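Engineer: Counting from 1 along the sequence shown, just add 16 to a position and that's the residue number in our numbering.
Even for Gly, the Cβ is constructed at its ideal location relative to N, Cα and C.
For clarity, every value in this text was computed on a predicted model and none was experimentally measured.
Take a look at the following structure, please.
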Amino acid sequence: MRVSQSHAIFVMPPKKSSMRPAAAGLDKVVARSVKKAPAGEAPLLAWPLACGSAVAARTRALDFENGVLRVEVPDAGWRRELQALAPRYVATLSRYGADGVTRVEFVIAGRKLSASVRAPKNSRRKRA
């Protein structure tokens, strides 16, 4: 309320417009688009939407296989922080139509494959 010297002027605060209906509509459009993606690509496309722009700028969805979405992160600190949010990401990915994601695995950029993923060494026995 503003008051001048001679008159009292009442100014009504502006009406707050609700963005919820627009956001809900946008979610539906995005979910439909993700569902139309070729099999296995939906989680990769939905990752930036599920994690938000700040996280998406520092991460990269690598692949999706057997229900696991692998996401590259810059360092161990990022991996630790995002791992705590993984259940939320799985739920959000599902909401956007990336059904089938059961787990998000965060891998540090530039790391070599772990020993369990490498091909086994040759195990021939020597003959006497």
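From Pro103 to Glu121, what does the alpha carbon distance come to, in whole angstroms?
Structural biologist: If you take the alpha carbons of Pro103 and Glu121, they lie about 11 angstroms apart.
Engineer: Using only alpha-carbon positions, find the residue among Pro54, Pro37, Cys67 that is nearest to Arg111.
Structural biologist: Minimum Cα distance to Arg111 is reached at Cys67.
Engineer: Considering only the beta carbon of each residue, do Leu61 and Val50 sit closer than 7 angstroms?
Structural biologist: Cβ atoms of Leu61 and Val50: closer than 7 angstroms.
Engineer: Please report the straight-line C-alpha distance between Asp91 and Ala125, rounded to a whole angstrom.
Structural biologist: Computed Cα separation, rounded: 7 angstroms.
Engineer: Does Glu57 come out as helix, strand or coil in the three-state DSSP assignment?
Structural biologist: Three-state result, Glu57: coil.
Engineer: In three-state terms, what does DSSP make of Asp43?
Structural biologist: DSSP places Asp43 in helix when its eight states are reduced to three.
Engineer: List the whole-angstrom C-beta distance separating Val117 from Gly83, where the pair is believed to meet the contact cut-off of C-beta under 8 angstroms.
Structural biologist: Confirmed, about 6 angstroms.
Engineer: Just list the alpha helix (DSSP H) runs in the segment 83 to 134, keeping only unbroken ones of 4 residues or longer that don't cross its boundaries, in chain order.
Structural biologist: 92 to 111, all fully within the segment 83 to 134.
Engineer: Tell me whether Ala114 is buried or exposed, calling it buried when 16 or more other Cβ atoms sit within 10 Å of its Cβ.
Structural biologist: The residue in question, Ala114, is buried, as its Cβ has 16 or more Cβ neighbours within 10 Å.
Engineer: Could you work out which residue in Arg119, Val89, Ala53 is closest to Ala72 when comparing CA atoms only?
Structural biologist: Comparing Cα-Cα distances from Ala72 to each of Arg119, Val89, Ala53, the minimum goes to Val89.
Engineer: Note down the Cα distance separating Ala148 from Arg48, rounded to an integer number of angstroms.
Structural biologist: This structure cannot speak to residue 148, because the chain is shown only from 17 to 144.
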